[in-house]
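*Asks:* Below is the structure I would like to discuss, written out as structure tokens.
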Amino acid sequence: MSDISALLANIPAIKYGFGSKEALLPLSLQPYSESLSEKKQVHGLRIVDVVEPRQACGEADGFYTEQPGILLAVLTADCLPVIFSHRDGKAVAAVHAGWRGLRHGILEQMAARINRSGSTQDWVASIGPAAGPCCYEVSQELVDEFQHGLDLPPTLISPSFRHLDLPAIAHAKLMQAGFAAVDFAGSCTICSLDTKQADEPHGATRHKYTSFRRNSLRRAIDPSIPGIKGRNQQSGIIILPS
Numbered sequence: 462m463s464d465i466s467a468l469l470a471n472i473p474a475i476k477y478g479f480g481s482k483e484a485l486l487p488l489s490l491q492p493y494s495e496s497l498s499e500k501k502q503v504h505g506l507r508i509v510d511v512v513e514p515r516q517a518c519g520e521a522d523g524f525y526t527e528q529p530g531i532l533l534a535v536l537t538a539d540c541l542p543v544i545f546s547h548r549d550g551k552a553v554a555a556v557h558a559g560w561r562g563l564r565h566g567i568l569e570q571m572a573a574r575i576n577r578s579g580s581t582q583d584w585v586a587s588i589g590p591a592a593g594p595c596c597y598e599v600s601q602e603l604v605d606e607f608q609h610g611l612d613l614p615p616t617l618i619s620p621s622f623r624h625l626d627l628p629a630i631a632h633a634k635l636m637q638a639g640f641a642a643v644d645f646a647g648s649c650t651i652c653s654l655d656t657k658q659a660d661e662p663h664g665a666t667r668h669k670y671t672s673f674r675r676n677s678l679r680r681a682i683d684p685s686i687p688g689i690k691g692r693n694q695q696s697g698i699i700i701l702p703s
């Protein structure tokens, strides 16, 4: 799966991108990096209105703006980046949603913010690269918490034993919140390989995305492997300046 959102690509007033190991901040967004807000993502539910470049947002996991020229971006390394745009590009938003934020309502909080200025029916959303149901194994207690706490089909939440499908849960929640359309851009951050490196010698493999879980498993075997601090991919969106 490519990192292209057909929904966002059809909105000429914006530019967006989903990061990878090749470009942690997508090349298309790098010219706007000086406008990025200062923030600390904490797996919480706080949404901030960003009204000026380099705004100090404090602890926050969701960002909304109607101002052109301000790049909104979230850092992820297995969590979900979700990028939003009004269908005419006059307002945009971005959310960092790990399992905690997804379970406790970060997407609903963003929907509520959007509805204060309009309606989610006029917005689209794209779910970026994140841990997929193929690899995201968790405790049975966490699966039970999701299945008992969300009004969604149990097999959608957990399609196989002790695995969560975070992208599918997010998609279902966004549709319940009334968004006009939702698509997927990107694949599993834990197992997706960089196809550009398919011809590397000696059977070497390179993964496409930074993954906290994959890195942690490797470090458990070999403590000399460095952590991923400072190497999270960024996914973002900007209303283009006039």
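The numbering of the sequence shown is our numbering, which starts it at 462 and goes up by one.
For each residue, glycine too, the CB sits at the ideal point set by N, CA and C.
Quick check: the Cα distance between Ser463 and Ser648, rounded to an integer number of angstroms?
*Replies:* Taking the sequence shown and counting its residues from 1, the one referred to as residue 463 is at position 2. Taking the sequence shown and counting its residues from 1, the one referred to as residue 648 is at position 187. Looking at the backbone, the Cα of Ser463 and that of Ser648 are separated by about 8 Å.
*Asks:* Roughly how many whole angstroms lie between the Cα atoms of Ser546 and Ser580?
*Replies:* Along the sequence shown, one-based indexing puts residue 546 at 85. Along the sequence shown, one-based indexing puts residue 580 at 119. Whole-angstrom Cα-Cα distance: 12 Å.
*Asks:* Can you tell me where the alpha helix (DSSP H) with Leu490 in it begins and where it stops?
*Replies:* If you number the sequence shown from 1, residue 490 lands on position 29. Counting along the chain, Leu490 falls outside any alpha helix (DSSP H), and DSSP gives it neither H nor E.
*Asks:* Since Val556 sits in a beta bridge, which residues does DSSP pair it with?
*Replies:* In the sequence shown, residue 556 corresponds to position 95, counting from 1. According to DSSP, which records beta bridges pairwise, Val556 is partnered with Gly523, Val543.
*Asks:* Would you grab the beta carbon distance between Gly550 and Ile475 for me? Rounded to a whole angstrom, and I think it's under 8 Å.
*Replies:* As a first step, residue 550 is located in the sequence shown; it is residue number 89 there, counting from the start. As a first step, residue 475 is located in the sequence shown; it is residue number 14 there, counting from the start. Confirmed, Cβ separation roughly 4 Å.
*Asks:* So who's on the other strand from His565, going by DSSP bridges?
*Replies:* Residue 565 sits at position 104 when you count from the first residue of the sequence shown. DSSP, once it has assigned bridges, lists no residue as partnering His565.
*Asks:* Which stretch, first to last residue, makes up the beta strand (DSSP E) that contains Phe645?
*Replies:* Residue 645 sits at position 184 when you count from the first residue of the sequence shown. Its beta strand (DSSP E) spans residues 642-645.
*Asks:* Per DSSP, what kind of secondary structure is Gly610 in: helix, strand or coil?
*Replies:* As a working mapping, residue 610 is identified with position 149 in the sequence shown. In the structure shown, Gly610 sits in a helix (DSSP, three-state: H, G or I).
*Asks:* Would you grab the beta carbon distance between Gly691 and Asn676 for me? Rounded to a whole angstrom, and I think it's under 8 Å.
*Replies:* For this step, residue 691 is matched to residue 230 along the sequence shown. For this step, residue 676 is matched to residue 215 along the sequence shown. Their Cβ separation, rounded to whole angstroms, is 12 Å, which puts Gly691 and Asn676 out of contact at 8 Å.
*Asks:* Should Ser481 go down as buried or exposed, given a rule of 16 or more other Cβ atoms within 10 Å for buried?
*Replies:* Walking along the sequence shown from the start, residue 481 turns up at place 20. When all chains shown are included, Ser481 counts as buried.
*Asks:* What number of angstroms, rounded off, separates the C-alpha of Leu485 from the C-alpha of Gln695?
*Replies:* Start at 1 with the first residue of the sequence shown, and residue 485 comes out as number 24. Start at 1 with the first residue of the sequence shown, and residue 695 comes out as number 234. Distance between the alpha carbons of Leu485 and Gln695 is about 6 Å.
*Asks:* Helix, strand or coil: which one does DSSP assign to Leu678?
*Replies:* For this step, residue 678 is matched to residue 217 along the sequence shown. Three-state result, Leu678: helix.
*Asks:* Buried or exposed: which applies to Pro492, given that a residue is buried once 16 or more other Cβ atoms fall within 10 Å of its Cβ?
*Replies:* For the purposes of this step, residue 492 is taken as residue 31 along the sequence shown, with counting starting at 1. A residue is called buried when at least 16 other Cβ atoms come within 10 angstroms of its Cβ; Pro492 does not meet this threshold and is exposed.
*Asks:* Hey, out of Thr656, Lys657, Thr650, Ile682, whose CA is closest to Tyr670's CA?
*Replies:* As a position in the sequence shown, residue 670 is number 209, starting the count at 1. Out of Thr656, Lys657, Thr650, Ile682, the CA that lies nearest to the CA of Tyr670 is found in Thr650.
*Asks:* Taking just the CA atoms, how far does Ala631 sit from Leu611?
*Replies:* As a first step, residue 611 must be located in the sequence shown, where it is residue number 150. As a first step, residue 631 must be located in the sequence shown, where it is residue number 170. Spanning the two alpha carbons is a distance of roughly 11 Å.
*Asks:* Which class does Val511 belong to by DSSP, given the choice of helix, strand or coil?
*Replies:* Here residue 511 refers to the residue found at position 50 when the sequence shown is read from its first residue. Coil at Val511, not helix or strand.
*Asks:* Tell me the residue span of the beta strand (DSSP E) that contains Lys500.
*Replies:* Translated into the one-based positions of the sequence shown, residue 500 becomes position 39. Here the beta strand (DSSP E) through Lys500 covers 499-501.
*Asks:* Check Ile651 in the structure and name its three-state DSSP category.
*Replies:* If you number the sequence shown from 1, residue 651 lands on position 190. Residue state, collapsed to three classes: coil.
*Asks:* Which residue's Cα is closest to the Cα of Phe408: Thr666, Ser587, Ile618, Gln608?
*Replies:* In this structure the chain extends from 462 to 703, so residue 408 is not present and cannot be described.
*Asks:* First and last residue of the alpha helix (DSSP H) that includes Leu468?
*Replies:* For the purposes of this step, residue 468 is identified with residue 7 of the sequence shown, where counting begins at 1. 467-470 is the span of the alpha helix (DSSP H), which, as asked, contains Leu468.
*Asks:* Which residue comes first and which comes last in the alpha helix (DSSP H) that contains Ile630?
*Replies:* Translated into positions along the sequence shown, residue 630 becomes position 169. 627-637 is the extent of the alpha helix (DSSP H) around Ile630.
*Asks:* Counting C-beta neighbours from all protein chains within 10 Å, is the total for Ala467 16 or more, i.e. buried, or is it exposed?
*Replies:* Here residue 467 corresponds to residue number 6 of the sequence shown, with the count starting at 1. Ala467 comes out exposed.
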